[in-house]
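A.B. asks: Heads up: the sequence lines are chains B and R, in that order. Sequential numbering of the first sequence, starting at 1, is according to the UniProt record's numbering. Sequential numbering of the second sequence, starting at 1, is according to the UniProt record's numbering. Using N, Cα and C, we set each Cβ at its ideal position, and we do this for glycine too. My structure is below; once you've seen it, I'll send some questions.
There are 2 protein chains.
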Amino acid sequence: MAKEKVTSAEVAALAGVSQSAVSRVFTPGASASAKTVEKVRKAAEQLGYRPNVLARAMVSGRSRIIGLVVAYLENQFYPVALEMLSNALQKRGYHILIFTAPNSTDGVDGLLEELMDYQVDGIIAASVSMSSDLAARAQRAGIPVVLFNRGQDGPGLSHVTSANVEGGRKVAEFLIAGGHERIAHIAGWQGSSTGRDRQAGFLAAMRAAGKRPFATVDGMYSREVAAACARQLLQGGTRPDAIFVGNDHMAFAVMDVIRDQGLVPGQDISVVGYDDVPLASWGAYRLTTLRQPVNRMVEAAVDLVLRQIEERDAAQDHIEIEGELILRSSARIPEGWTK
Amino acid sequence: MAKEKVTSAEVAALAGVSQSAVSRVFTPGASASAKTVEKVRKAAEQLGYRPNVLARAMVSGRSRIIGLVVAYLENQFYPVALEMLSNALQKRGYHILIFTAPNSTDGVDGLLEELMDYQVDGIIAASVSMSSDLAARAQRAGIPVVLFNRGQDGPGLSHVTSANVEGGRKVAEFLIAGGHERIAHIAGWQGSSTGRDRQAGFLAAMRAAGKRPFATVDGMYSREVAAACARQLLQGGTRPDAIFVGNDHMAFAVMDVIRDQGLVPGQDISVVGYDDVPLASWGAYRLTTLRQPVNRMVEAAVDLVLRQIEERDAAQDHIEIEGELILRSSARIPEGWTK
DNA sequence: CTGAAAGCGCTTACAG
DNA sequence: CTGAAAGCGCTTACAG
């Protein structure tokens, strides 16, 4: 039976080698003779020895911990991403230390201190913006930061997003092709790059087609705000015949409001979301939406941080992944387009 | 400008005190004169010093890290719990190291090793079972384990759940009071205590009322399985007039199937879930469900681990929190009951 | 209250 | 390949 805590020294004693030898056997790439390896492995097994990650971290300067700043978990996009991120990182020998953040910018500032206290090797920040001051501090500390699903103004940070401007454009073009005349936009939070980019793409495509949006309002990425916006839009004499909503999470609220008014999404009013979270495909919503390829975004983010950690040279990078419009029944499908 | 890494020795030098003094100033409860505190604080501020948590962990034996084993994040119950857990722990100076687990028992076994490598102070395992062998190992290592939303056969682990047997009973009584004649149960995974307990309570209440369930099947906590079960139940000549589903996540799938068949939940067939995740109150579902009070479950779990960590004596405990039936429109409401 | 010193469990030059 | 030794950044008795 293994005892509470076994150290490399105890293994060394049992194996009849030096403590350094034990360490080498457990350090990938270090040299040890086959005989030593065998003796050590046997002793370690017998004692139930496993290297103490924290001690290793102290001397090597690598904790194998990635700080993940996350918020807004009500939006199904993030739990899904979180799970994938954790799996991908686990597979490469890292683990995630979670920091739940307030959704505002200033909330993150205090977190960085704590993050650094734990000597994390890198930081992935999902769904939060970061001041460039913060970026600078992390950089000075030599900790790579990757923004996930959020861009950044100014230099300093890597980030991975989907092609949001283009996504917004695609949605507008789809809606225009569908013959909609009064297209409204309940935008993603205009304090975030994703919200702004999607809106910019949407407006650009409208302009290019010589159309003006029926209305453009900020849904703040909030169910409540989006629902209020939708109610507002529906109450006038003429109402929109299509609404592009800045993300799926808000789009569900909008659909709920539409139905509350006795209208049918996809017939009376087309609704298009952004993300393609699992719920979007469920029977109750069947939401047409611009899919953000989470798996590829996750892969990119993981590659980015780990590359910056493991090969110090690796420069920052901005990765943009293209999304695809997923056609379902919440929006009228233009003739000739196939589901 | 702070430099990359500042140590207590550097602060000591600048402040003109010993390194031990610096350490004391940053150790709550350690004694230092007002003058020393001031000199040290000033120097620390100037240099941008913060204690290295890992170094502190090494010597003190406390990492202030809680390992969280989690899976099944598609079920909105868990992201919600995760966020609350993280917030509660953060507030008390701990952080969560995430381990995503396969939903099976054996998957967790390997994780425990990794968990212990990081010298976590405690473990919270959500939505996973644990072999008693595993429990024993953690115990031997002196690491308290708390099962969240899962019970355990045999001794060794603390756990917090809602009152599942009673919850199942309440649902049955509600359905019986509603005058339903053919009540089916798509149960939670029978490999889990929650699934078994809810079913047991349900069956007991049925028996007590002299009723036999229309059918009882295992939904495995899976959308797909639950949907298949629902289709099965609906296709015969006589179909159930009520279905108690083992959790909300499956209940949504069941409602989707019911509507696909042109039936209306709450009119043609009553559906009752378990959990009361946020989605249950959204317009598209309005699911009647037995609420698990996540906030109280989280508080209890956090208290339990921290107590076991901070006062070594604290014994294991099994905490059961009562839930409440939330009446919405997915199920017929018995006369006299109020929403 | 305060400093010198030992030690937490490792990794990593440094000699051999 | 291998061992002795230094050192990672702290906390904590131990004297004073």
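In terms of residues, what are the limits of the beta strand (DSSP E) holding residue 359(R)?
C.D. replies: Nothing about residue 359(R) can be reported from this structure: the residues present for chain R run from 1 to 339 only.
A.B. asks: Could I get the ranges of all uninterrupted alpha helix (DSSP H) runs contained in the region 209 to 254 of chain R, with 4 residues as the minimum, in chain order?
C.D. replies: Listed in chain order, the complete alpha helix (DSSP H) runs (minimum 4 residues) inside the region 209 to 254 of chain R are 223 to 235.
A.B. asks: What residue range does the beta strand (DSSP E) around Tyr274(B) cover?
C.D. replies: 270 to 275 is the span of the beta strand (DSSP E), which, as asked, contains Tyr274(B).
A.B. asks: For Ser18(B), name the three-state secondary structure that DSSP assigns.
C.D. replies: DSSP places Ser18(B) in coil when its eight states are reduced to three.
A.B. asks: Closest to Ile258(R) by CA distance: which of Gln232(R), Leu290(R), Ala43(R), Arg62(R) is it?
C.D. replies: Taking only the C-alpha atoms, the option nearest Ile258(R) is Gln232(R).
A.B. asks: Taking only beta-carbon positions, decide if Glu83(B) is within less than 7 Å of chain R.
C.D. replies: Judged by the 7 Å Cβ criterion, Glu83(B) is in contact with chain R.
A.B. asks: Look up Arg92(B) in the DSSP assignment and say whether it is helix, strand or coil.
C.D. replies: Three-state result, Arg92(B): coil.
A.B. asks: Please report whether the beta-carbon of His185(B) lies at a distance below 7 Å from any beta-carbon of chain R.
C.D. replies: With 7 Å as the cut-off, His185(B) does not count as an interface residue toward chain R.
A.B. asks: Just reading off the alpha helix (DSSP H) that Glu310(R) is part of, what are its end residues?
C.D. replies: Residues 294 to 310.
A.B. asks: Any beta carbon from chain R within less than 7 Å of Ala55(B)'s own beta carbon?
C.D. replies: Output row for Ala55(B): interface = yes.
A.B. asks: For Gly110(R), which three-state DSSP category applies?
C.D. replies: It is helical.
A.B. asks: Quick one: grab the DSSP three-state call for Pro51(B).
C.D. replies: Residue state, collapsed to three classes: coil.
A.B. asks: For Val146(R), which beta-bridge partners are listed by DSSP?
C.D. replies: Ile124(R), Ser158(R).
A.B. asks: Give me the subset of the UniProt domain "HTH lacI-type" (6 to 60) of chain B whose CB atoms are less than 8 Å from a CB atom of chain R, sorted by chain position.
C.D. replies: From the UniProt domain "HTH lacI-type" (6 to 60) of chain B, only Arg50, Pro51, Asn52, Val53, Leu54, Ala55, Ala57, Met58 have a Cβ closer than 8 Å to chain R.
A.B. asks: If you draw a straight line from the alpha carbon of Asp14(R) to that of Arg137(B), how long is it in whole angstroms?
C.D. replies: Position check: residue 14(R) holds Leu in this sequence, whereas Asp was assumed. Between Leu14(R) and Arg137(B), the C-alpha separation is close to 22 Å.
A.B. asks: For the alpha helix (DSSP H) that Ala138(R) lies in, which residues bound it at each end?
C.D. replies: 132 to 140 is the span of the alpha helix (DSSP H), which, as asked, contains Ala138(R).
A.B. asks: With H, G and I counted as helix, E and B as strand and the rest as coil, what does DSSP make of Met1(R)?
C.D. replies: Any reading at Met1(R) must be qualified, since the residue scores a pLDDT of 36, below 50, and its modelled position is unreliable; no value is offered.
A.B. asks: Would you please verify whether the beta carbon of Ser86(B) is less than 7 Å from any beta carbon of chain R?
C.D. replies: So yes, Ser86(B) belongs to the interface.
A.B. asks: Exposed or buried, Val53(B), counting other C-beta atoms within 10 Å across all chains shown (16 or more means buried)?
C.D. replies: It is buried - the Cβ of Val53(B) has at least 16 other Cβ atoms within 10 Å.
A.B. asks: Where does the unbroken alpha helix (DSSP H) through Val171(R) begin, and where does it stop?
C.D. replies: 164 to 177 is the extent of the alpha helix (DSSP H) around Val171(R).
A.B. asks: Please return the same chain residues whose Cβ sits closer than 6 Å to the Cβ of Gln292(B), not counting the five positions on each side in sequence.
C.D. replies: For Gln292(B), where only same-chain residues beyond five positions count, the Cβ hits under 6 Å are Ser162, Asp275, Gly323.
A.B. asks: Does the Cβ-Cβ distance between Val11(B) and Tyr72(B) come in under 7 Å?
C.D. replies: No, the pair does not count as a contact, with Cβ atoms beyond the cut-off.
A.B. asks: Exposed or buried, what is Met1(B) when buried is set at 16 or more other beta-carbons lying within 10 Å of its beta-carbon?
C.D. replies: Unreliable placement is indicated for Met1(B), whose pLDDT of 36 sits below 50; the coordinate value is still reported in the next sentence. With fewer than 16 Cβ atoms within 10 Å of its Cβ, Met1(B) is classed as exposed.
A.B. asks: Assign Arg212(B) to buried or exposed, taking buried as 16 or more other Cβ atoms, counted over all protein chains shown, within 10 Å of its Cβ.
C.D. replies: Exposed, by the Cβ-count rule.
A.B. asks: Taking one C-beta from the region 183 to 190 of chain R and one from the region 235 to 244 of chain R each time, how about it: are there three or more such pairs within less than 8 Å?
C.D. replies: With a cut-off of 8 Å, the region 235 to 244 of chain R and the region 183 to 190 of chain R count as touching, because enough Cβ pairs lie within range.
A.B. asks: Have a look at Phe202(B) and Tyr94(B) and give me their C-alpha separation to the nearest angstrom.
C.D. replies: One C-alpha to the other measures close to 39 Å.
A.B. asks: Rounded to whole angstroms, what is the Cα-Cα separation between Ser20(B) and Thr7(B)?
C.D. replies: About 12 Å.
A.B. asks: CB Thr100(R) to CB Asn164(B), shorter than 7 Å?
C.D. replies: No.
A.B. asks: Please state whether DSSP places Ile258(B) in a helix, a strand or coil.
C.D. replies: Note: Ile258(B) maps to helix in three-state DSSP.
A.B. asks: Exposed or buried, what is Ser63(B) when buried is set at 16 or more other beta-carbons lying within 10 Å of its beta-carbon?
C.D. replies: Result: buried.
A.B. asks: Just to make sure I have the definition right: I need the residues of chain R whose C-beta is within less than 9 Å of the C-beta of Met220(B). Which are they?
C.D. replies: Within 9 Å Cβ-Cβ: nothing; Met220(B) doesn't reach chain R, min ~17 Å.
A.B. asks: For chain B, is any of its Cβ atoms less than 7 Å away from the one on Gln235(R)?
C.D. replies: So, not an interface residue.
A.B. asks: For Leu97(B) and Val160(B), I'd like the C-alpha separation in whole angstroms.
C.D. replies: One C-alpha to the other measures close to 20 Å.
A.B. asks: Grouping DSSP H, G and I as helix and E and B as strand, with all else coil, what is Pro278(R)?
C.D. replies: Residue state, collapsed to three classes: helix.
A.B. asks: Going by alpha carbons, who is nearest to Gly336(R) out of Ala55(R), Gly179(R), Tyr285(R), Gly210(R)?
C.D. replies: Out of Ala55(R), Gly179(R), Tyr285(R), Gly210(R), Gly179(R) has the C-alpha closest to the C-alpha of Gly336(R).
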